[in-house]
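One structure is given below, encoded as structure tokens.
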Amino acid sequence: MSEFITATADSVLRRSQLYHLQQSEGAQFAKYQDAVVVKQFSSNDSQQVKSLGVADLSTLPRSGFKGKHTPQWLEQQGVTIPEQPNCATKQNDGALVARLSEQEHLILSDLAMAGSLAQILEQSWSIEPDYMCYSLPRRDSHAWLYLSGEHVRAMLAKVCGIDLSAVEFANGQIAQTSIARINGILIRDDLNDDTAGFHLLCDSSSVIFVWQSLLDAMAEFDGKPVGLAALLEN
Amino acid sequence: MVNSQQNNRLASGGLLVDREHPITFSFAGKDFIGFAGDSIASALAANDQWLISRSFKYHRARAVLTMAGQDANTLVQLPSDPNVLADRTEISQGMRVDGQNYSGSLENDLGRHIEKVGRFMPVGFYYKAFYKPAGVWEKWAPLIRKKAGLGEIDEQFEPEYYDKAYAFYDIVVVGAGPAGMSAAIQAAEQGAKVLLVDENPVLGGSLSYDRLDAKGEVAPALRAGMIADIEASDNIDVMLEAICNGYFADNWLPVIQAKRLLKVRAKEMIMAVGALEQQAVFHNNDLPGVMMSSAVLRLIKLYGVRPGKRAVVLTGNEQGYSAALEMLDAGIEVVAIAELRDSPPISELMQAVSDRGVEIYQNHAVYAAQPSSDKKHLAQVELRAQLGRGACANSGELISCDLLCMAVGYTPTYQLVCQAGGQLSYDDESAVFTLKGLPKAAQIVGSVNGNWSTDAVCGDGYRAAVLACNRLAQQSKTITEISEPAPIADDSAASPNYSWPIFPHPKGKEFVDYDEDLQIADIVNATRDGYEHVQLVKRYSTCGMGPSQGRHSALATARIVAQATGKSVAQTGVTTARPPFAPERLGHLAGRSFYPARYTSMHQRHVEAGAQMLQAGAWYRPAYYGASDQRDACINAEVNNVRENVGLVDVSTLGGIELRGPDAAEMLNRIYTFGFLKQPVGRARYALMTNEAGVVIDDGVSCRFHDQLFYVTATTGGVDRVYQSMLKWNAQWCLDVDIANVTSAWCAVNIAGPKARDVLAKVCTDVDLDSEAFPYMGVREGHVAGIEARLIRVGFVGELGYEIHVPQHCGEALWDALMQAGSEQGIKPFGIEAQRVLRLEKGHIIIGQDTDAMSTPQEVQMGWAVSAKKPFFVGHRVIKELNEIGQYRALVGFVVDDLSAPIPLESHLVIEGEKMTGRVTSCNFSPTLGKPVGMVYVPPHKAEPGSEIEIRSSGGVMVTAKVVELPFYDPQTERQAL
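Protein sequences, first through last, are from chains A and B. Residue 284 in the numbering used here sits at position 131 of the first sequence, with consecutive numbering throughout. Residue 622 in the numbering used here sits at position 291 of the second sequence, with consecutive numbering throughout.
Written out as structure tokens, the structure is:
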């Protein structure tokens, strides 16, 4: 297991758009694997994760591929792809493969970045004439947030018009919808059996607005931002 | 002085009040004490303060009528809130309440004298009186408008936080009375997820205050049992003090609670919305002290308040006796029951009242009520024997009383039901309503469905829940199906409606609609004026248009119109009840506002550098750097630094679209006007886009990085439309190409100026930046400051320049690296204002600013960007035809040599004689040329360089400008090719 090594957010080339805001919110930044992330916001992060928390995972690896040969290519790379669009499947290394349409897939790194499927796929891919599998710059086109806790559904009901109840929206299900009037990809991926969780990917240039909108919606439930360390504990 | 007596507070009782917590508040300048949980109206009643408001037209004294927020009598003024329902609003410590719609004081309202001339103001007098002679309305209008409206708005009011949320349920039950609770309990039992909504602060509906049996034991026991079941269920969410304010298609229900609008989607809806008690119509039926039987019961049972000391009951049903028993138990003297029915069957309740010595006058009506000397309260009623429908004997018996309790019938609360498609019908003989025609997934239960006995009401709720659950069970794993119960037996015999509780009086003042002071004669006269249809009666008389929206006037109006027009009530019908059911605030409709904003990854660096940010669409962009009072100087300095040195501008908002695949070049060739099939890899081409009408709609640069990969930029505001347009066209063309909008994946800067290469060379070592190796309009991939980058050599600002596109999350690092690398060369950031000046000097147009919805390539001097060889591109045919017929205007450059003249602004007009012949699209002072330069549409005969044009500038000053060749700066394009 990798360790968090204290670092400043601007000590690396790749920075989350949120880091200036997070600094003012008490974030402690650290290098973890190859990314600088928020390690924690407060010593209460672990409890916050269970109640209502939002974590910024925007600097973690992710990739995407689309085109009619994409399912075939991904399977050739050893990826288990979901059978249906709008479903996500966990891989052996912990990565999450989300099928956004018949021909489009999103690969999210495991939170510990222990595996490296997203990076491996990106490195393996190259544009091949007449082969319809195209890489998408998901690591930059979208910011990546993770929302978790007991109140997460009630909070999301304030910004999203989809029925996300446990019965109607199963673990691994995806909604490509509007979050606070911003297009977003919402993937249910519970943190564990007791704690509900959703990945939210939104346009990276809109993430400051989305972050502020979420914190506003979370205030009613005393929701707060959390660091990666608390997610890894659970 | 504080009125702390609470003389009318009963020694015990009051489901809603907490006697341990007294609350001090004021009304009309006097202080009162009530209890926590009291409404304003109940607390005032407890203190014997009955006068709450003044009526709209005649300023008559008005008081509690329903105690359910269903009438306009209790509208009061709070400091920041007019038209607050006093019987719905809980008191709070220090609350300041006032009356409204009075002159002088509420107690001594000077406006009440208008009643003396009331006979000169019949229905429709507005329309008849104020329209002639011509123009007189202008004189009357200010006076009349001053009298219109009720409360006063607080212009200093600060907006408060309201929001919205979505919710989804298997079944939504509206109304938590016995029918609704029964339905919710059964639905939950079968596994459905249920939302139970009620506008009251406690569950129970009529069980909270009504008396179902002589001893008064049944209702509390039934209520307690049902509440226990609801509280024990995990499947029922309860929302109290919440109102379902409308019904929209497919069971979409707006439910308002506190400062939130809940947008609820229900798979099944059960409306247990109950019925609204109606007043009897007789002389002075609006006096304070005349109230519904349900109001009497609510005051006693919910608030522990005595509604009067000496009461008469007017009844046509069992509830009159129920109220009588409750009053007797509360120590109120009930002196008489006026029983409208002739020899009704002796019921348990009636017998109990009789046993307690109350005289029952059968087949009697209250013919008139008389006020106290100050006209602020009921003093006596006149009982007369009924001779026929609405007809009474010539004389009767006067009885002193301070309370008249009316129990003459109900209308179903049909508003939501009719919004859902229900059709209301009425049987004139039995006075029974029915509602039919609801959508499949919506049902009505309880009294709104014509059930009145407790068993029928609860059974109806149970039946509806089973039907709903059984339907849902077909598609649900959690909901079980059970056998359907037998239909509910006809309960119409228990209907509480008396068929004709309307008694005209020679002196009038038998109020049909309290809101607008409309009397029987007003409704009859409306029909005599030719407005016979009930909808026309409503508009002409304003009946039902007041705050209570006809809840207590619709039935009486229908009855009177029916009688006046010789139709049945069923044929007459009632007026339409549209959403919202109850008043709702603009804050609820607006909710928490979401105004999306987009920021580039370098945003914080702009702020730190002192940029004045502006919002372009959703994007925040730096306009210029420096103090706002130094705007022009800042912009000029930025321009000069680019021309003489090197500047850096954030162009991340530029759109970016990738086209990949075997047909990528063909796609571009069809979408844009230029030729792209032979565009070499490693080269960029200007890309102009027109629509089917040949109008210029966007432009950008096409960069070929691979035989089958193009990266195309688009304008900040146009990229979404360009992307959609590409998808739309390719749905038709079916080319083998992948189209991806990568705008947010890449951020970009333009480093421009004669020293741009020197700066870039310091941080970019894997690309040969030599002008020959990397010429103008070349594209390269490499690394800048260790960041993978796409470099495009373009010249939008007319200098040596490179657009550097890097992954979004590396944008700030790129900015830092370039600013640091350029410090020696004097690099400075420049904003979009300087960029606009620079591009104008270079004669580059901005789509949307220098073009409009009619601009063709030819007239904006972009004919060079249109391929003459291609057989097709979008807009090709129209452009070809337009070119053949010649253009009617041209976009040209101009300069203003007179430096003392006001600088023309965008959209200033070109004037030729009396005609407007063109307009300015761009104009700025050019620091480089030392004078104003701009672009302008002019007619063809003025397009030749050297032509003089007259521009009407600010303040109407005519400015002479000279048409010149574009560009203004570096016509040989030597600077950008350095």
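Beta carbons: idealized from backbone N, C-alpha and C, even for Gly.
Only exposed fits residue 1229 of chain B, as fewer than 16 other CB atoms lie within 10 angstroms of its CB. Judged by DSSP secondary structure, residue 975 of chain B falls within the alpha helix (DSSP H) whose first and last residues are 962-975.
Taking every protein chain shown into account, the CB of residue 744 of chain B has 16 or more other CB atoms within 10 angstroms, so this residue is buried. The straight-line gap separating the alpha-carbon atoms of residue 1142 of chain B and residue 1078 of chain B is approximately 6 Å. In the DSSP secondary-structure assignment, residue 1266 of chain B is bridged to B/1224, B/1253.
A straight line joining the alpha-carbon of residue 589 of chain B with that of residue 373 of chain A spans about 14 Å. Contact between the stretch 1016-1033 of chain B and the stretch 949-964 of chain B is absent, with fewer than three C-beta pairs closer than 8 Å. Counting of Cβ neighbours within 10 angstroms places residue 720 of chain B among the exposed residues, the total staying below 16. For residue 352 of chain A, no Cβ of chain B is located within less than 7 Å of the residue's own Cβ.
DSSP places residue 381 of chain B in the coil class of the three-state scheme, outside both helix and strand.
Within chain A, no residue has its beta carbon less than 9 Å from that of residue 955 of chain B; the closest one is some 21 Å off.
For the stretch 318-337 of chain A, the set of residues with a beta-carbon nearer than 8 Å to any beta-carbon of chain B comprises 318, 320, 321, 333, 334, 335, in chain order. Between the beta-carbon of residue 749 of chain B and that of residue 908 of chain B there is about 6 Å, and that keeps the pair under the 8 Å contact cut. As DSSP reads the structure, residue 951 of chain B sits in a beta bridge with B/946. With a threshold of 16 other beta carbon atoms within 10 Å, residue 878 of chain B meets it and is buried. Contact between the stretch 324-335 of chain A and the stretch 912-928 of chain B is present: three or more C-beta pairs spanning the two stretches fall below 8 Å.
The alpha-carbon of residue 370 of chain A is positioned some 19 Å away from that of residue 586 of chain B. Not a single C-beta of chain B is nearer than 7 Å to the C-beta of residue 251 of chain A.
Neighbours of residue 1038 of chain B across chain A, judged by C-beta separation under 8 Å: 282. Interface annotation, residue 1237 of chain B: not in contact with chain A, CB-CB separation never under 7 Å.
Using a Cβ distance threshold of 7 Å, residue 352 of chain A and residue 299 of chain A count as a contacting pair. DSSP places residue 679 of chain B inside the alpha helix (DSSP H), whose first and last residues are 679-686. When the Cα atoms are used, residue 608 of chain B and residue 890 of chain B turn out to be separated by approximately 16 Å. With contacts defined by Cβ atoms closer than 7 Å, residue 1173 of chain B and residue 1258 of chain B do not form a contacting pair. Close to residue 173 of chain A, with beta-carbon spacing below 7 Å, are these residues of chain B in chain order: 935.
A direct Cα-Cα distance of roughly 50 Å separates residue 264 of chain A from residue 967 of chain B.
No Cβ-Cβ contact shorter than 7 Å links residue 1204 of chain B with residue 1292 of chain B.
Contact check for residue 505 of chain B against residue 604 of chain B passes: the beta carbons are separated by less than 7 Å. One thing to note: residue 541 of chain B has its Cβ no nearer than 7 Å to the Cβ of residue 639 of chain B.
For a cut-off of 8 Å, the C-beta gap from residue 671 of chain B to residue 739 of chain B is around 7 Å, short enough to register as a contact. In this structure the stretch 623-635 of chain B does not lie against the stretch 855-874 of chain B, because fewer than three pairs of beta carbons, one per stretch, are closer than 8 Å. Residue 352 of chain B and residue 251 of chain A have their alpha carbons spaced roughly 57 Å apart.
Counting along the chain, residue 275 of chain A sits inside the alpha helix (DSSP H) bounded by residues 270-277.
Taking a cut-off of 8 Å on C-beta distances, the stretch 298-313 of chain A touches the stretch 205-214 of chain A, as three or more cross pairs fall below it. Straight-line spacing of the CA atoms in residue 519 of chain B and residue 788 of chain B works out to 18 Å. Residue 318 of chain A and residue 364 of chain A have their alpha carbons spaced roughly 22 Å apart.
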